[in-house]
Every structure is written in structure tokens, then in C-alpha cells.
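Novice: In order, the protein sequence lines correspond to chains H and R.
Going left to right, the first sequence walks through residues 6 to 201 as our numbering numbers them.
Going left to right, the second sequence walks through residues 25 to 170 as our numbering numbers them.
Quick one: the structure is below, questions incoming.
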Amino acid sequence: MLNYIKELWHTISHPSRYYSLGILITAGFIAGIFFWGGFNTALEATNTETFCISCHEMKNNVYQELQSTIHYTNRSGVRATCPDCHVPHDWTDKIARKMQASKEVWGKIFGTINTREKFLEKRLELASHEWDRLKANDSLECRNCHEFHYMDFTRQSVRAEEAHSKGLLKGEKTCIDCHKGIAHELPDMAGIEGWQ
Amino acid sequence: MKQLLGLLLLLPMLVIAGQDIATMRSTNLLVEPEAPRLEKEENKDLKRKRSYPMQPPTIPHKVAGYRVDLNSNKCLSCHSRRRVAETQAPMVSVTHYMDRDGNFLAEVSPRRYFCNQCHVPQMEVRPLVDNTFQDVDNILKNEQAQ
């Protein structure tokens, strides 16, 4: 085993004896395309709702709750899937979020929320993570669809128009400050700012 | 014998079906009527007149999707004492902060927590039965006229 590793190290640490630099570069380039393509395809596959709800934790809890909300079923039939709200769309942000999500794999393996009871117990913590994330990025995922500049306040109800022009317009507030629990049920909100 | 019993059981049904009993149903009793359209909740944000002083005010806006349960109360996120300064919504009546012995509490009393037990949004629909309710002012006026 040790010999094998030494041999391998010898091969890669010395100049090529048989292949020209051109062939090595071209082969490396082509292999790179395949690796990159494969990586991105795999990444996109983990960025689908089917992937998310392949775990019963997601399917039996949050996905069930989503289904009665306006982000799942509505008059025009446009709907948001899990990654639309929970994964940033820009590549670098997406990769950063995906690396964070490796902790969720850990949670899955050790069954931190593998029953409804455990999930409810942990709900406040999990929800807080998402609130903090959306607060920090100025509700980026909301704004992927609900872009402020194209919002016609005159088409909104009086209350909505007032609230939006008071907080949102001045940038004092961001979507998640008021719109919590719009797609899933809420944890115990006692002591959360803006509730009760 | 069995056939006779069967016929006997069917008899009341036939009688009812034949009578076309006049009810609020638009169709015969034995026919499944078409479900009425779901109307939209009124969303004008204008206070409505109360029919009598103690009437729980009706909700002048949409409340679809507002959750009121053990964990959260969406109504109170605007109408509670702590929130009204920011939201400019009317504060829930002070009676809601009292227990049944009249002691004041820091929070909305549990017996008043479920808002839509009394407060409901309104829809523009045709009432099935005419309302004969009279405003107390009307009654007094009529009495004076007599």
C-alpha cells in the first residue's frame, strides 16, 4: 500500500516521459469539461423538490404544510418549490449554502428530526436559522420573484400599501420581518419580535 | 316478505321526493346541489357600523391564511397592545385583557385568544333568509311615535 502511494507520488511529481505537453493539456481540458458538467448536473439534481422530499423528514413535515399555502396552490398556478426559497440562485451563494447544508446530511444520518415530535421540538431553532438567513441577505429569495421595483402599490390593499411604503420602501424592514410562517407552520412565537 | 320490506323502506323517500319540500335548498332533497361559488372576503379596510353596542366588530379585511393557534396568533401581531403603535391597527378591546373576575392581565386572556370565535370577515352574498333585526334606535323611535 505504502509502496503504491510512493509510486503514484513519483509519477505525478515528475515530468511526463511519453506524452507531449499539448496532449496532456488537451486531455486535461476535455476531462475538465466532463467533470465540471457532471458536478453541475449533480448539483442541480440536489436542487429539486423531488430530491428534498426524498427524505421523510421533509416530505412528512414541511412539504405537507406547504401544500395548503398560496406558494403551492393558487389561482394562476405558478408555484414555488423548496429550492426557490431555500437556496440562493447565484452560483457562489448557492455553493456556500450547499456547503452549509452538509450539516443537514449529518442530521439525516443521526436522525436529529426523524420523528414528528423531534421535528416540533427543534422547529424554533430551524426556523430561526432561515429567518436569520433571510434577514441577513435582505430576503433575497423572496425578491427573486417579488421584486420591489415592480410592485405596484396602487394594486395592493390599503393595509399592504401602508405597511410596504412605511417599512419596505425605506429599507428599514425586509420581507421576512413581517411575512413569517407564510409557507410552513410556525414554532411557538412567544418572545419573537413583532408577534403578540 | 323481503321485497315488501324493501318497498316499505323506500316509501318515505318517494313521498319526500314527490313533495319537493320548499326549503332554502335550491334543489330537490334527493339531488346533490351544485356547490355555491366561494365569494371573496371584503377587503376595504373600512370600519363597519355595529348593529348594537356590544357587537364584536366584524373584520374589514382579508384574513385568509391567518393562523390563530397555540403557537402563534397572526391577528395579535397587529392588534395587540404592544403592536398597535407601529401598525396603527385598532387595539383589541381592554376587556380582552381581563380574566372573568375582572382582573387585568399582561397578555390577552386565554378565553379571548381565539379571535374568530367572535370576529369574522364579511362577504358580499345574498342572505338566504331575510333579516328582521331592528336597530335599537329604530325601536325607541317607534315606541315614541306610538
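Built from N, CA and C at the ideal position, the CB exists for glycine as well.
Only a predicted model underlies this, so the values are computations on that prediction, with no experimental measurement involved.
Grouping DSSP H, G and I as helix and E and B as strand, with all else coil, what is R:Gln-43?
Specialist: Only weak support is given to the placement of R:Gln-43: the predicted model assigns it a pLDDT of 49, under 50, and the value that follows is read from those uncertain coordinates. Three-state DSSP puts R:Gln-43 in a helix.
Novice: Please return the same chain residues whose Cβ sits closer than 8 Å to the Cβ of R:Val-108, not counting the five positions on each side in sequence.
Specialist: Cys-102, Pro-114, Met-115
Novice: Could you tell me whether the region 44-61 of chain H touches the region 73-87 of chain H, where touching means 3 or more Cβ pairs closer than 8 Å?
Specialist: The region 44-61 of chain H, when compared against the region 73-87 of chain H, does touch it at the 8 Å Cβ threshold.
Novice: For the putative contact between H:Ser-162 and R:Asn-140, defined by C-beta atoms under 8 Å, what is the C-beta separation to the nearest angstrom?
Specialist: Not really, about 19 Å apart at Cβ, beyond 8 Å.
Novice: Would the beta-carbon of H:Val-110 fall within 8 Å of that of H:Asn-52?
Specialist: With contacts defined as CB atoms closer than 8 Å, H:Val-110 and H:Asn-52 fail to qualify as a contacting pair.
Novice: To which residues of the same chain is H:Leu-129 closer than 7 Å at the C-beta, ignoring the five residues directly before and after it?
Specialist: Pro-192, Asp-193
Novice: Would you check if the distance between the CB atom of H:Glu-62 and the CB atom of H:His-189 is smaller than 8 Å?
Specialist: no
Novice: Run through the region 112-170 of chain H for me and flag every whole alpha helix (DSSP H) of 4 or more residues, listed as ranges in chain order.
Specialist: 121-141, 145-148, 163-168
Novice: Taking just the CA atoms, how far does H:Glu-135 sit from H:Arg-121?
Specialist: 19 Å
Novice: Going by DSSP, which residues form a beta bridge with R:Asn-97?
Specialist: R:Val-92.
Novice: Please say whether H:Cys-90 and H:Glu-146 have beta carbons closer to each other than 8 Å?
Specialist: yes
Novice: Under 9 Å, CB to CB, which of the residues in the region 119-135 of chain R have a partner in chain H?
Specialist: Per Cβ criterion, the list reads Glu-131, Val-132.
Novice: Cβ closer than 8 Å: which chain R residues qualify as neighbours of H:Leu-191?
Specialist: Arg-91, Asn-95, Ser-96
Novice: Taking 8 Å as the CB-CB cut-off, is R:Asn-17 touching chain H?
Specialist: Absent from the model: residue 17 of chain R. The displayed extent of chain R is 25 to 170, so no value can be given.
Novice: Buried or exposed for H:Ile-118, please, with buried defined as at least 16 other CB atoms from any protein chain shown within 10 angstroms of its CB.
Specialist: buried
Novice: Any C-beta of chain R sitting closer than 8 Å to the C-beta of H:Met-194?
Specialist: yes
Novice: When we look at the beta-carbon of H:Lys-123 and count the other beta-carbons within 10 Å, is it buried (16 or more) or exposed?
Specialist: exposed
Novice: Using only the alpha-carbon positions, how far apart do R:Ser-117 and R:Ser-104 sit?
Specialist: Cα-Cα distance, rounded: 9 Å.
Novice: Using a Cβ-Cβ cutoff of less than 6 Å, which residues in the same chain neighbour R:Pro-145 once the five nearest sequence positions on both sides are dropped?
Specialist: Excluding sequence neighbours, R:Pro-145 sits near Glu-65, Ile-83, Val-87.
Novice: What residue from R:Asn-97, R:Leu-70, R:Met-78 has the CA that sits closest to R:His-85's CA?
Specialist: R:Leu-70
Novice: In the region 66-110 of chain H, which residue ranges form an unbroken alpha helix (DSSP H) of at least 4 residues, counting only runs that do not cross its ends?
Specialist: 68-71, 87-91, 96-105
Novice: Who are the near neighbours of H:Gly-172 in its chain, counting only those whose CB is closer than 8 Å to its CB and skipping five residues on each side?
Specialist: Lys-178, Asp-182, Cys-183
Novice: If you drop the 5 nearest sequence neighbours on each side, which residues of the same chain put their C-beta closer than 7 Å to that of H:Arg-102?
Specialist: Val-92, Pro-93
Novice: Shortest alpha-carbon distance to H:Thr-159 belongs to which of H:Ala-36, H:Ser-170, H:Lys-99?
Specialist: H:Ser-170
Novice: Based on Cα-Cα distance, which residue from H:Ile-100, H:Tyr-68, H:Lys-127 lies nearest to H:Gly-112?
Specialist: The shortest C-alpha separation from H:Gly-112 is found at H:Lys-127.
Novice: Rounded to whole angstroms, what's the CA-CA distance from H:Ile-17 to H:Phe-115? Just pull it up for me.
Specialist: 39 Å
Novice: So for R:Glu-65, helix, strand or coil by DSSP?
Specialist: strand
Novice: Entirely within the region 96-169 of chain R and at least 4 residues each: give me those alpha helix (DSSP H) ranges in chain order.
Specialist: With a minimum length of 4 residues, the continuous alpha helix (DSSP H) runs that stay inside the region 96-169 of chain R are 100-103, 108-111, 160-169.
Novice: Let me know if R:His-120 comes out buried or exposed under the rule of 16 or more other beta-carbons within 10 Å of its beta-carbon.
Specialist: Label assigned to R:His-120: buried.
Novice: Who are the neighbours of H:Arg-164 on chain R, taking C-beta pairs under 7 Å?
Specialist: Asp-69, His-85
Novice: When the cut-off is 8 Å and only beta carbons count, does H:Thr-179 lie next to chain R?
Specialist: At least 8 Å separates the CB of H:Thr-179 from every CB of chain R.
Novice: Count the other C-beta atoms from every protein chain shown that fall within 10 angstroms of the C-beta of R:Gly-42, then say buried if there are 16 or more, exposed otherwise.
Specialist: Bear in mind that a pLDDT of 45 at R:Gly-42, under 50, signals an unreliable position, so the number given afterwards is only what the model happens to contain. So R:Gly-42 counts as exposed.
Novice: Could you work out which residues of chain H lie near R:Leu-100, taking near to mean beta carbons separated by less than 9 Å?
Specialist: Trp-200, Gln-201
Novice: Could you please tell me which residues of the region 59-87 of chain H, in chain order, have their CB closer than 9 Å to any CB of chain R?
Specialist: Ser-73, Thr-74, Ile-75
Novice: Tell whether a beta-carbon distance below 8 Å holds between R:Glu-148 and R:Glu-56.
Specialist: no
Novice: Taking 8 Å as the cut-off, decide whether the C-beta atoms of H:Ile-187 and H:Thr-74 are in contact.
Specialist: yes
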